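Chains as they are written, first to last, in the numbering used here: chain F, 1 to 204; chain D, 205 to 408; chain H, 409 to 612; chain P, 613 to 816.
Shown next, in structure tokens, is the structure this report addresses.
4 protein chains.
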Amino acid sequence: MDSGDTPLTERGIRTREKLIAAAREVFEERGFIDTRVSHIARHAAVAYGSFYTYFPSKEAIFLEVADRLFADMTAHRFPSPGREPADRIRRANREYYEGYLRNAKIMAIIEQVATFNEEFKELRRKHRATAVARSARAIERWQGEGLVDAALDPEMTARALAAMVDHSLYLWFVQGEEDSDATGRLLDTLDALNIRALGLPPAP
Amino acid sequence: MDSGDTPLTERGIRTREKLIAAAREVFEERGFIDTRVSHIARHAAVAYGSFYTYFPSKEAIFLEVADRLFADMTAHRFPSPGREPADRIRRANREYYEGYLRNAKIMAIIEQVATFNEEFKELRRKHRATAVARSARAIERWQGEGLVDAALDPEMTARALAAMVDHSLYLWFVQGEEDSDATGRLLDTLDALNIRALGLPPAP
Amino acid sequence: MDSGDTPLTERGIRTREKLIAAAREVFEERGFIDTRVSHIARHAAVAYGSFYTYFPSKEAIFLEVADRLFADMTAHRFPSPGREPADRIRRANREYYEGYLRNAKIMAIIEQVATFNEEFKELRRKHRATAVARSARAIERWQGEGLVDAALDPEMTARALAAMVDHSLYLWFVQGEEDSDATGRLLDTLDALNIRALGLPPAP
Amino acid sequence: MDSGDTPLTERGIRTREKLIAAAREVFEERGFIDTRVSHIARHAAVAYGSFYTYFPSKEAIFLEVADRLFADMTAHRFPSPGREPADRIRRANREYYEGYLRNAKIMAIIEQVATFNEEFKELRRKHRATAVARSARAIERWQGEGLVDAALDPEMTARALAAMVDHSLYLWFVQGEEDSDATGRLLDTLDALNIRALGLPPAP
DNA sequence: GATGAATGAGCGTTCATTCAT
DNA sequence: CATGAATGAACGCTCATTCAT
């Protein structure tokens with residue numbers, strides 16, 4: 001009954017990977033609530049009982065799927081040194097938009113699970129805190145350099161702007177308010193509001 | 205017998221109200237998913253079957269609870285004529301904050317339900333569309349008066365700023381990131397970012 | 409709680425009649441199993457609770473409906489004196505066919521109820537026994553007159569021929585095997601088989 | 613998990629068979645309407661949920677029981693070549709009587725279900741149509757050979773005589789009008805009426 | 001380890017009947 | 001007597017998890 005343990009054999013690893021890939025697809029298709037363990041097992045072409053050889057519960061496999069997602073969402077982050085702040089914001093945002101689009105469906109499910117599962121709520125909170133802290137440090141730096149008004153609370157500003165971007169993308173791509181023709185306008189507006197709110201000089 | 209009907213007698217109306225009040229409390233306490241019809245009935249001190257005299261399902265009573273919430277959230281809106289734009293934004297935001305606080309718990313549940321129930325997704329969408337449209341009209345007016353940069357897309361700006369306020373409040377009050385000492389800083393920051401993003405002159 | 413009693417006031421009688429008429433229509437429409445007391449009450453434009461003022465149960469009102477049906481089915485029977493036996497059989501059958509058609513829908517429901525309700529099973533049995541006995545007496549008479557072979561068992565013959573007519577009509581009109589163009593052929597065949605089976609001389 | 617599937621293992625097949633056998637017994641005992649899935653599971657000494665591993669509903673298992681019944685009722689049919697028509701009718705009837713007796717109880721339940729379930733109505737209709745068609749062809753053949761009056765409508769005759777036999781047996785064995793001493797008289801009478809109605813020469 | 005059957009608590013919903021007004 | 005709300009036992013079905021092979 002050592003389910004959840006990392007399997008040791010080559011074959012076991014393959015089965016585990018099949019389950020994770022299947023889980024992501026099924027979760028994207030049906031949401032967390034409407035996904036059954038049987039769906040995942042069948043989709044992975046694995047016996048029902050074998051699921052529990054690798055994961056102790058539906059929550060556990062979802063946690064793994066979400067972990068990989070967060071890795072993907074943050075892996076592509078790389079600094080763009082020696083740029084104007086406005087330009088760096090635009091670049092960072094664009095990367096985030098792309099990541100969001102790539103993972104929009106599963107992001108939606110994570111959002112769903114976070115509304116009723118404490119463990120997930122906490123996971124989300126941590127990821128957000130990390131991102132907000134990094135962003136707040138950048139704002140403080142810019143305030144030190146006289147680029148951003150010192151009257152702004154760096155942490156709250158970072159929070160609010162992250163919320164703006166996150167939730168706008170969520171509503172647009174996930175909650176079906178998307179209008180693909182207008183996507184460009186939305187993204188441009190998010191960039192502009194970010195930059196204006198901070199009072200940064202628009203990059204030339 | 206046919207649930208969903210408006211009750212015809214005083215007594216029936218009372219029972220229905222008891223159920224709605226109980227439902228709100230139970231939903232706030234346990235969330236939508238973990239709420240059972242039996243919880244609501246018991247909390248209302250009403251027989252199990254009586255629930256179905258008034259509502260055909262858990263979804264139905266939740267819709268009623270949410271309807272009343274939206275009514276409350278919008279009812280308190282009143283115009284503040286002859287003010288500076290920045291001042292009006294601050295006032296409107298404060299009203300919204302108060303409404304949010306008053307209804308934070310149930311707002312959270314609505315957010316939850318909207319992640320898996322199409323009917324609710326649609327309800328939320330409509331309410332948001334109304335609010336965004338009003339806000340976009342105000343921005344256009346201010347652009348006409350030369351107070352806001354004409355380069356900003358009014359609709360997308362309205363969307364993004366609404367998302368910022370909504371989601372910030374949601375994360376703060378609902379997802380447990382609240383730190384009551386800092387609430388004032390958050391709200392001030394939201395006001396400030398709103399005003400700065402639009403490029404409005406800060407009211408004196 | 410004296411429900412089931414015959415009401416005394418004019419108004420009470422009217423309400424009771426309304427319920428019976430409504431019950432027949434609803435039973436015909438939905439069958440016994442799928443009929444709810446609420447359907448009957450609503451169809452009669454009578455309060456739910458009032459039903460129980462007049463009938464102690466769904467079974468009770470059905471019994472009343474069925475009683476009236478049997479009255480109608482037998483009321484039209486009148487002897488046709490001084491005829492040939494074959495002619496009398498044809499006449500009697502025709503009357504029965506007409507009655508069946510007039511009441512086919514409710515006959516179907518009675519058949520349904522008789523499959524699971526002992527009280528109804530017994531009611532049907534009695535009605536059938538009466539009809540079979542009368543028919544058997546006629547056969548005996550004809551045997552006495554040398555018109556029918558004395559080797560035939562009068563009671564069993566009466567039973568079997570009644571079963572033939574009853575069930576043929578049931579399958580034809582009720583179980584939806586009806587083909588209206590061919591109805592005449594079916595009825596003629598039933599007459600002919602009756603007469604031939606008894607060995608009666610075909611009426612000229 | 614998905615009920616209705618054919619089980620894949622020996623053990624699964626055994627459980628499924630246990631359920632079917634138990635279902636037949638419980639249906640015979642209590643009728644379709646008063647049978648609960650829990651009764652069947654308990655009678656089969658199987659967990660409640662296991663029922664749904666094999667059948668999606670009470671209707672589904674009943675369909676299977678009925679299918680097997682019809683197979684039994686028709687399997688024993690074998691031709692009796694080179695006999696007099698009257699003799700063949702007697703033989704065929706006797707076989708049918710025996711089958712009916714063997715399955716009388718469950719036949720009753722099928723009759724019951726056919727009164728309110730469209731799927732079953734249709735199943736019964738098909739079986740009857742097959743039997744009637746075969747019988748009608750025999751009548752036509754005898755008409756060609758001059759043994760049966762050409763004036764008789766073969767199809768309607770086949771229908772009516774089948775209805776006579778079927779319903780007589782039903783009333784006798786199922787609806788509790790049975791009087792075991794007289795059973796022989798009933799069967800003899802059914803044979804005789806069949807033969808006389810067709811005008812066949814009684815076999816010596 | 002893989003397989004798929006077995007388990008049963010749990011929940012939503014129904015509806016005949018009773019009761020308060 | 002009329003009215004319609006109140007009651008709650010009963011049942012069908014689900015599905016995460018455990019177990020036997």
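The C-beta atom is built at its ideal place from N, Cα and C for all residues, glycine as well.
All figures in this text were calculated on a predicted structure; none of them were measured in a lab.
Item checked: alpha helix (DSSP H) segment containing R422 of chain H, residue limits -> 418–438
Check: What's the gap between the Cα of F62 of chain F and the Cα of P260 of chain D?
Finding: 33 Å
Margin query: Buried or exposed, going by whether 16 or more other CB atoms sit within 10 Å of the CB of T361 of chain D?
Written below: buried
Checklist line | Best match in H:A568, H:L579, H:D561 for proximity to R771 of chain P [C-alpha to C-alpha] | finding: H:L579
Check: Counting along the chain, where does the alpha helix (DSSP H) carrying S242 of chain D start and finish?
Finding: 241–247
Check: At a CB-CB cut-off below 9 Å, which residues of chain F make contact with D385 of chain D?
Finding: Simply none; closest approach about 12 Å.
Margin query: What would DSSP say about N511 of chain H, mapped onto helix, strand or coil?
Written below: DSSP, read as helix, strand or coil, puts N511 of chain H in helix.
Check: Can you tell which of D:P406, D:R218, D:Q379 has its C-alpha closest to the C-alpha of A129 of chain F?
Finding: With distances taken between Cα atoms, A129 of chain F lies closest to D:Q379.
Notebook entry, point to check: How is the alpha helix (DSSP H) around D574 of chain H delimited, first residue to last?
Noted result: Its alpha helix (DSSP H) spans residues 562–577.
Item checked: Residues near W415 of chain D by beta carbon distance below 8 Å, same chain, minus five either side -> Only positions 205 to 408 of chain D appear in this structure, which leaves residue 415 of chain D out of reach.
Next item on the list: In angstroms with no decimal places, state the Cα-to-Cα distance between M1 of chain F and A743 of chain P.
Entry: Bear in mind that a pLDDT of 38 at M1 of chain F, under 50, signals an unreliable position, so the model cannot answer this.
Note to self: So, at 6 Å on beta carbons, what are the nonlocal neighbours of L781 of chain P in its own chain, with the 5 sequence-adjacent residues on each side left out?
What the structure shows: Once the five neighbours on either side are set aside, the close Cβ partners of L781 of chain P are Y712.
Next item on the list: To the nearest angstrom, report how far apart R628 of chain P and D679 of chain P are at their CA atoms.
Entry: 15 Å
Check: E229 of chain D to I313 of chain D, Cα distance in whole Å?
Finding: 11 Å
Item checked: Contacting residues, own chain, Cβ-Cβ under 7 Å from N807 of chain P (five flanking each side not counted) -> For the record, residue 807 of chain P in the displayed sequence is Ile; it is not Asn. Cβ neighbours of I807 of chain P beyond the five flanking positions: A698, I701, P814.
Notebook entry, point to check: Quick one: Cα of M311 of chain D to Cα of A367 of chain D, how far?
Noted result: 15 Å
Note to self: Which residue wins for smallest C-alpha separation from A275 of chain D, given the options D:I217, D:Y300, D:F236, D:K325?
What the structure shows: Nearest option by C-alpha distance: D:Y300.
Notebook entry, point to check: Is there at least one Cβ from chain P nearer than 8 Å to I421 of chain H's Cβ?
Noted result: no
Item checked: C-alpha distance - D793 of chain P paired with E563 of chain H, whole-angstrom precision -> 14 Å
Check: How many angstroms separate the CA atom of A657 of chain P from the CA atom of G624 of chain P?
Finding: Approximately 14 Å between the Cα atoms of the pair.
Margin query: Within 10 Å of its beta-carbon, does Y666 of chain P have 16 or more other beta-carbons around it, so buried, or fewer, so exposed?
Written below: buried
Note to self: Restricting to Cα atoms, I'd like to know which of P:S747, P:E730, P:M685, P:E734 is closest to R714 of chain P.
What the structure shows: P:M685
Notebook entry, point to check: Does the beta-carbon distance from H779 of chain P to H447 of chain H come in below 8 Å?
Noted result: no
Item checked: Contacts of Q787 of chain P in chain H (Cβ-Cβ under 8 Å) -> A522, K529, R532, R533
Notebook entry, point to check: By DSSP, does P406 of chain D sit in helix, in strand, or in coil?
Noted result: coil
Next item on the list: Report all residues from its chain with a CB closer than 7 Å to the CB of T597 of chain H; omit the five preceding and five following residues, and keep chain order.
Entry: Same-chain partners within the cutoff: there are none.
Check: Mind pulling the chain P residues with CB within less than 8 Å of L579 of chain H?
Finding: R740, R771, A775
Next item on the list: Give the residues of chain P in contact with I441 of chain H, contact being defined as C-beta atoms less than 8 Å apart.
Entry: I645, F728
Margin query: Can you tell me whether D803 of chain P is buried or exposed? The criterion is at least 16 other CB atoms within 10 Å of its CB, across all chains shown.
Written below: buried
Item checked: Cβ shell of R450 of chain H (< 7 Å), same chain only, five flanking positions each side left out -> none
Check: Taking all protein chains shown into account, do 16 or more other C-beta atoms lie within 10 angstroms of the C-beta of E214 of chain D, making it buried, or fewer, making it exposed?
Finding: Taking a 10 Å sphere around the C-beta of E214 of chain D, we find fewer than 16 other C-beta atoms and assign the residue as exposed.
Margin query: Please tell me whether T319 of chain D and T115 of chain F are closer than 8 Å, where the distance is taken between their beta carbons.
Written below: yes
Margin query: Can you tell me whether D383 of chain D is helix, strand or coil according to DSSP?
Written below: coil
Note to self: Let me check you understand the geometry: is the CB of N103 of chain F closer than 7 Å to at least one non-hydrogen atom of the ligand SAM?
What the structure shows: By its list of ligands, the structure shown contains no ligand whatsoever, and the ligand SAM lies outside what it can speak to.
Note to self: For the alpha helix (DSSP H) containing T177 of chain D, name the first residue and the last one.
What the structure shows: Any answer about residue 177 of chain D is impossible in this case: the structure gives chain D only from 205 up to 408.
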